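Working notes for the structure below.
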Amino acid sequence: MEFRSARQAIMQLLRTVAPADLPALLEWMRTTRDFDEFTQDNNDIMLKNIAEDLRNCLPLETMLSSEHLALQKIQQQPEPTVHVDAFLYDEDFIDSLCEEGKMSRNYCMVCGSHQTAPLGFISHSFSLMELKFIYHHVLPDLSGKVLVDVGSRLGTVLYGGYLYSSALQLYGVELNGDFCQLQEMVIKKYQFTDRIKVLHADICTQGSLLQNADVIIMNNVFEYFLDEAEQARAWEYISHNVRKQGSLLVTVPSLEDSLSSLQINIQLSPWVEEGRTQAGEGKRERDRGSQAGSALTG
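Just so we're aligned, residue 1 is where the sequence shown starts under the numbering used here, counting upward by one.
So this is what it looks like as structure tokens:
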């Protein structure tokens with residue numbers, strides 16, 4: 001059926017719906033994910049294939065034994081909290097795992113009773129929808145630009161940038177060698193090597209890269225992986241080196257939240273001009289919420 005006939009058929013069908021039910025039907029059409037299979041493009045499919053490859057290489061919680069501090073900090077949360085990577089496991093995938101008994105959304109407040117409460121979920125990756133939102137709505141045209149992902153972990157920001165933007169070069173800086181190997185595996189398999197480069201390094205050794213970057217993305221980058229003194233050192237280094245006029249920072253949590261608990265003297269107003277946006281689906285709860293902060297260097 002060609003477009004004009006299909007449109008007429010849909011309009012005719014809507015006219016047969018009971019008036020009292022029409023608002024509910026239209027709301028369902030606006031919000032349902034049942035149409036995803038008809039709206040996905042090749043880039044979405046490729047990212048989902050990458051997610052499947054990574055799921056096959058990682059444990060369900062997507063945390064490595066080498067991430068001692070992160071594991072400890074998750075265990076120290078005031079309420080039981082689990083790490084569920086938003087890129088690898090969307091809401092539908094989590095539902096299916098819960099149905100299979102491989103995951104739960106709740107924990108028992110009194111062992112053996114029916115008193116339960118929701119588990120806290122955190123993620124160190126953006127979901128597919130968040131990546132699309134960032135590249136399609138948060139960031140400007142990146143043609144000829146250099147993007148740096150600080151703490152690139154699984155590389156999701158890099159893959160999203162390759163597929164959803166025209167960035168000239170995408171750099172991932174990752175301290176954990178195991179994650180660097182995973183990123184290299186994906187980059188080679190999907191032939192992203194012409195525009196993506198992963199550096200196994202401490203960001204505090206990458207002054208030149210930061211100085212020349214047009215976009216710097218930092219998603220839950222330090223809080224779970226460095227102690228407070230190391231966090232302060234990293235932020236001081238970044239604030240001294242990210243000075244390129246008009247460069248853009250996208251941070252989760254916002255810069256204010258990231259710096260508020262640290263003994264650090266970074267004055268934001270002379271350095272950046274703030275801009276905020278919601279980068280998220282509103283479904284998955286992050287450790288500080290799904291609020292992303294963006295800032296333009298002055």
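C-beta atoms are modelled at their ideal positions from N, C-alpha and C, and glycine is treated no differently. From a predicted model like this one, the values you see are computed outputs, not experimental measurements.
Spatial distance of residue 311 from residue 226 (CA atoms): Nothing in the structure corresponds to residue 311, since the chain is present only between 1 and 298.
field: Proximal residues to residue 125 (C-beta, below 6 Å), its chain only, five neighbours per side dropped
entry: The residue you call residue 125 lines up with position 125 of the sequence shown. So the qualifying residues of the chain are 85, 86, 87, 154, 156.
field: Per DSSP, cross-strand counterpart(s) of residue 151
entry: Within the sequence shown, the letter at position 151 stands for residue 151. Note: residue 151 sits in no beta bridge, so no partner.
message: Between residue 136 and residue 159, how many whole angstroms is the CB-CB distance? I'm expecting something under 8 Å.
response: Against the sequence shown, residue 136 aligns to sequence position 136. Against the sequence shown, residue 159 aligns to sequence position 159. No, residue 136 and residue 159 are not in contact; Cβ-Cβ is about 15 Å, not under 8 Å.
- request: Can you grab the Cα-Cα spacing for the pair residue 273 / residue 50, in whole Å?
  value: Working through the sequence shown from its first residue, we reach residue 273 at position 273. Working through the sequence shown from its first residue, we reach residue 50 at position 50. Going from the Cα of residue 273 to the Cα of residue 50 covers about 35 Å.
query: Once you ignore the five residues that flank residue 64 on each side, which residues in its own chain have a CB closer than 6 Å to its CB?
result: Position 64 of the sequence shown, counting from 1, holds the residue named residue 64. Cβ within range, chain order: 178.
query: Where residue 128 and residue 21 are concerned, what is the direct C-alpha to C-alpha distance, given to the nearest angstrom?
result: For the purposes of this step, residue 128 is identified with residue 128 of the sequence shown, where counting begins at 1. For the purposes of this step, residue 21 is identified with residue 21 of the sequence shown, where counting begins at 1. So the alpha carbons of these two residues sit roughly 32 Å apart.
Three-state secondary structure (DSSP) of residue 172: Residue mapping note: residue 172 aligns to position 172 of the sequence shown, counting from 1. Reduced to three states, the DSSP call for residue 172 is strand.
query: Is the segment 238-252 in contact with the segment 198-210, if contact means three or more CB pairs nearer than 8 Å?
result: yes
query: Using 8 Å as the Cβ pair cut-off and three pairs as the minimum, do the segment 212-220 and the segment 248-259 touch?
result: yes
task: Using beta-carbon positions only, say whether residue 230 and residue 262 come within less than 8 Å of one another.
output: Residue mapping note: residue 230 aligns to position 230 of the sequence shown, counting from 1. Residue mapping note: residue 262 aligns to position 262 of the sequence shown, counting from 1. No, the Cβ-Cβ distance between residue 230 and residue 262 is not below 8 Å.
message: Just list the residues that DSSP pairs residue 219 with in beta bridges.
response: Taking the sequence shown and counting its residues from 1, one reaches residue 219 at position 219. According to DSSP, residue 219 bridges with 252.
- request: Could you have a look at residue 230 and say whether DSSP puts it in helix, strand or coil?
  value: Sequence index remark: in the sequence shown, residue 230 carries index 230 (1-based). In this structure, residue 230 counts as helix in the three-state DSSP scheme.
query: Where residue 44 and residue 145 are concerned, what is the direct C-alpha to C-alpha distance, given to the nearest angstrom?
result: Locating residue 44 in the sequence shown gives position 44, where the first residue counts as 1. Locating residue 145 in the sequence shown gives position 145, where the first residue counts as 1. Distance between residue 44 and residue 145, taken at the CA atoms: about 23 Å.
query: Skipping 5 residues on each side, what residues in its chain have a beta carbon closer than 6 Å to that of residue 55?
result: Within the sequence shown, residue 55 is the residue found at index 55, counting from 1. The answer, listed in chain order, is 88.
task: Can you check DSSP and say which residues form a bridge with residue 48?
output: Indexing the sequence shown from 1 puts residue 48 at position 48. Bridge partners of residue 48: none, in fact.
- prompt: Skipping 5 residues on each side, what residues in its chain have a beta carbon closer than 8 Å to that of residue 168?
  reply: Indexing the sequence shown from 1 puts residue 168 at position 168. Correct list, in chain order: 142, 143, 144, 145, 146, 195.
field: For residue 197, the residue or residues it bridges with in DSSP
entry: Along the sequence shown, read from residue 1 onward, the residue named residue 197 stands at position 197. DSSP output for residue 197 lists 171 as bridge partner(s).
task: Please confirm whether residue 173 and residue 138 have their CB atoms less than 8 Å apart.
output: On the sequence shown, position 173 is the one that residue 173 refers to. On the sequence shown, position 138 is the one that residue 138 refers to. In this structure, residue 138 does not lie closer than 8 Å to residue 173 by Cβ.
task: Could you give the DSSP three-state label for residue 17: helix, strand or coil?
output: The count along the sequence shown starts at 1 and reaches residue 17 at position 17. The answer is coil: DSSP assigns residue 17 none of H, G, I, E or B.
For residue 181 and residue 59, the rounded distance between their alpha carbons: Mapped onto the sequence shown, residue 59 falls at position 59. Mapped onto the sequence shown, residue 181 falls at position 181. Each residue's alpha carbon lies about 16 Å from the other.
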